[in-house]
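Chemist: Quick one: the structure is below, and I'll ask about it shortly.
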Amino acid sequence: MTHARITLDRDFTIADVPTRLFGSFVEHMGRCVYTGIYEPGHPEADDQGYRKDVMALAKELGATVVRYPGGNFVSGYNWEDGVGPREDRPVRIDGAWHTIETNAFGLHEFVEWARRADMEVMEAINLGTRGVDEARALVEYANHPSGTYWSDLRRKNAAAMGTSEEPFGIKLWCLGNELDGPWQIGHKTAEEYGRLAQEAAKAMKLVDPDIELVAVGSSNRRMPTFGSWEHTVLTHAYEEVDYISMHAYYQEHDGDAASFLAEAVDMDGFIEGVVATVDAVKAAGKHSKQIDISFDEWNVWYQEGLDTEDQPDQVAKGWKTHPRLIEDRYSVTDAVVVGTLMHSLLRHGDRVRIANQAQLVNVIAPIRSEEGGPAWRQTIFWPFARIAELATGEILRLAVQADQVHTERYGNVDVVDAASTYDAEAGTVSIFVANRGLDEDAEVTLDLRGLTATEILRAEVLRIPDGGDRHTANDLQSQEAVGLVPLESVSIAEGGATLQISLPALSWAVVQVKVA
Ligand code: AHR
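Residue numbers (my numbering): 28 to 543.
Here you go:
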């Protein structure tokens, strides 16, 4: 048995919970769009061909904002190909994923899907092969009311589709994707990208001054240009943009589960490094506004081929329209890691104001679907859904004293990882907590300084199911092997001053209490 004492204080807050922290991502990649959210002819398809079963799961997941259409895909994409009568839309090669793009699904289809799913659209523009002119045309097409070439074309196309002719009102825009990466179509130096982002941003805001813009940051922390990229880009574009992006994917290497379970330590450090760089540019440039972070791609992704159904050796497979790509099958361990990554995002909610788990369906996703078949929740669905539902009000700064677990990559780390929110209006505290220990249960005392717990409203845990092990996953044959089950071992102690929580080895739990 290991032990931890977590102290919270209602007055020690980090920030309001950013609603956009619970974002997702739909890329034209593999089966995320085609046979994921969109499959005309499927028994569950609605009048526009959207899968109602996937839509229901997306709503249950609680994603608030959804990035589209890529990803690497966007850097070779012409948005005009995906609007207008379907029969006139060109079939194109998608070089990023060695795929045939039919363009049967495009901007209107996505905006309407997001409207039905009750999610905000976060639109990425192509700054790989394209530039300022296409960017401003797209903003005009999407957001200008009427009476101009592009806005009237939107109205005409919407009318033909039977959807609203009103402006899409897209507020959030990504100025390209991963342009620091040599793999990216239209890869650029920081100087080249910084100037282009600045000019595109300027032109886009001249069309619609109310939009918010995300500049591309480093594709990951290991990029040789990490740090200098952000510095150079923001030195050019600080005044024109509102956010800088971060991307990070994690996986278990060589069976080193302890280090994998501690990846939130890496995420914490990565975020703090980017914040330091951003603020250095702010100080040197004598800027008064603050640039925040859009962590617009994060997740567990087995890029090195562990526990993965399909890897993108696409060239060998030939040209296909919606091949299976990176349909990672997530385990109990992965779900615990995803929970802790979300704790890290919450802990930095004063600066990380947007975050998007990549991706929504099939492609490294919390939701899986089969063509003509069912849709189901992967293990990682659960921590996302509960945090999106129960993290409300203010994020609290926690003091954690915990037994240590040794990891190869991060040295000694707390065996327990947590985040918490306090909703003064609802009179509730939510605590999200993971036991990273692989072998021992953890006994956690939560000290609710300044508050008195009066009732346990929710207590659930994701753990290794009976007869399973840490690799157990949900799949087509066994769609509900791993889920949340009631957490029995939680009690109010010391007249409401503390909570006692026993966590099984390798588990993630949520407890919500009513407080006075
Ligand atoms: O999410 C999958 C891919 O990962 C995205 O297309 C790209 O931006 C990132 O490298």
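In this text, a Cβ means the ideal position worked out from N, Cα and C, and glycines have one as well.
Tell me the DSSP bridge mates of glycine 50?
Modeler: Asn383
Chemist: Does the ligand AHR have even one heavy atom less than 8 angstroms from the beta-carbon of serine 246?
Modeler: yes
Chemist: So does valine 390 have its beta carbon nearer than 8 angstroms to some heavy atom of the ligand AHR?
Modeler: yes
Chemist: Look at glycine 155 and glycine 213 and say whether their C-beta atoms are less than 9 angstroms apart.
Modeler: In contact: glycine 155 and glycine 213 (Cβ atoms closer than 9 angstroms).
Chemist: Roughly how many angstroms lie between the CA atoms of phenylalanine 100 and methionine 56, to the nearest whole one?
Modeler: 7 angstroms
Chemist: Indicate the three-state DSSP secondary structure (helix, strand or coil) for aspartate 115 in the structure shown.
Modeler: helix
Chemist: List the endpoints of the continuous alpha helix (DSSP H) containing valine 363.
Modeler: Taken as a continuous stretch (DSSP letters only), the alpha helix (DSSP H) holding valine 363 covers 359 to 374.
Chemist: Taking all protein chains shown into account, decide if aspartate 74 is buried (16 or more other Cβ within 10 angstroms of its Cβ) or exposed.
Modeler: Of the residues assessed, aspartate 74 falls on the exposed side of the cut-off, its CB having fewer than 16 other CB atoms within 10 angstroms.
Chemist: Quick one: what's got a C-beta closer than 8 angstroms to glycine 495's C-beta in the same chain, skipping five residues either side?
Modeler: Val359, Ala508 and Val509
Chemist: Does the distance from the CB of arginine 143 to the CB of methionine 82 come in under 9 angstroms?
Modeler: yes
Chemist: Give, in chain order, every unbroken run of the beta strand (DSSP E) that is at least 3 residues long and sits entirely within the stretch 228 to 267.
Modeler: 239 to 242
Chemist: Nearest to glutamate 226 by alpha carbon, out of Val364, Glu161 and Asp145?
Modeler: Glu161
Chemist: Touching or not, the stretch 82 to 93 and the stretch 121 to 129, by the rule of three or more beta carbon pairs under 8 angstroms?
Modeler: no
Chemist: Reducing DSSP to helix, strand and coil, say where tyrosine 270 ends up.
Modeler: strand
Chemist: With DSSP as the reference, identify every bridge partner of histidine 30, one or two as the case may be.
Modeler: Glu470
Chemist: For valine 427, collect the residues of the same chain with a Cβ closer than 6 angstroms to its Cβ; drop the 5 residues on either side in sequence, then sort them by chain order.
Modeler: Here the set comprises Ile33 and Asp441.
Chemist: Give the single residue among Val301, Thr40, Trp106 and Val390 whose Cα lies nearest to the Cα of tyrosine 270.
Modeler: Val301
Chemist: Among the residues of its own chain, which have a CB less than 6 angstroms from the CB of proline 45, if the five just before and after it don't count?
Modeler: Cβ within range, chain order: Gly376 and Arg380.
Chemist: Taking the CB atoms as reference points, tell me whether tryptophan 106 and asparagine 153 lie closer together than 9 angstroms.
Modeler: A contact, by the Cβ cut-off of 9 angstroms.
Chemist: Specify whether the stretch 197 to 209 and the stretch 178 to 186 touch according to this definition: at least 3 beta carbon pairs, one from each stretch, less than 8 angstroms apart.
Modeler: no
Chemist: Helix, strand or coil: which one does DSSP assign to phenylalanine 322?
Modeler: Strand at phenylalanine 322.
Chemist: Suppose the cutoff is 6 angstroms on Cβ atoms and the five residues either side in sequence are ignored; what does the same chain contact list for aspartate 334 look like?
Modeler: With a pLDDT of only 37 at aspartate 334, under the threshold of 50, the placement of this residue in the model should not be trusted, and no figure is reported.
Chemist: Serine 274: beta carbon under 8 angstroms from a heavy atom of the ligand AHR?
Modeler: According to the sequence provided, residue 274 is histidine. The question's serine does not apply to it. For histidine 274, the distance from the CB to the nearest heavy atom of the ligand AHR is below 8 angstroms.
Chemist: Considering only the beta carbon of each residue, do lysine 229 and glutamate 267 sit closer than 9 angstroms?
Modeler: Yes. Within cutoff.
Chemist: Secondary structure at asparagine 555, three-state DSSP: helix, strand or coil?
Modeler: What the structure shows of the chain is the stretch from 28 to 543, and residue 555 is not part of that stretch, so it cannot be assessed.
Chemist: Here's the rule I'm using: 16 or more other beta-carbon atoms within 10 Å means buried, otherwise exposed. How should valine 118 be labelled?
Modeler: Here valine 118 is exposed: its Cβ has fewer than 16 other Cβ atoms, across all protein chains shown, within 10 Å.
Chemist: In the structure shown, what three-state DSSP assignment does glutamine 225 receive?
Modeler: In the structure shown, glutamine 225 falls within a helical segment according to DSSP collapsed to helix, strand and coil.
Chemist: Could you compute how far the alpha carbon of glutamate 219 sits from the alpha carbon of isoleucine 528?
Modeler: 53 angstroms
Chemist: Where tryptophan 325 and serine 371 are concerned, what is the direct C-alpha to C-alpha distance, given to the nearest angstrom?
Modeler: 12 angstroms
Chemist: Helix or strand or just coil, what does DSSP make of methionine 188?
Modeler: Helix at methionine 188.
Chemist: From the DSSP output, in three-state form, read off aspartate 145 for me.
Modeler: coil
Chemist: Can you grab the Cα-Cα spacing for the pair glutamate 279 / histidine 135, in whole Å?
Modeler: 39 angstroms
Chemist: Would you tell me roughly how many angstroms separate the C-alpha atoms of phenylalanine 132 and tyrosine 77, rounded to the nearest one?
Modeler: Near 10 angstroms, if we compare the C-alpha coordinates of tyrosine 77 and phenylalanine 132.
Chemist: Let me know the secondary structure DSSP gives alanine 543 once reduced to three states.
Modeler: coil
Chemist: Among Val243, Gly158, Thr448 and His349, which has the Cα closest to the Cα of phenylalanine 39?
Modeler: Selection Val243, Gly158, Thr448 and His349 evaluated against phenylalanine 39 yields Thr448 as nearest (Cα-Cα).
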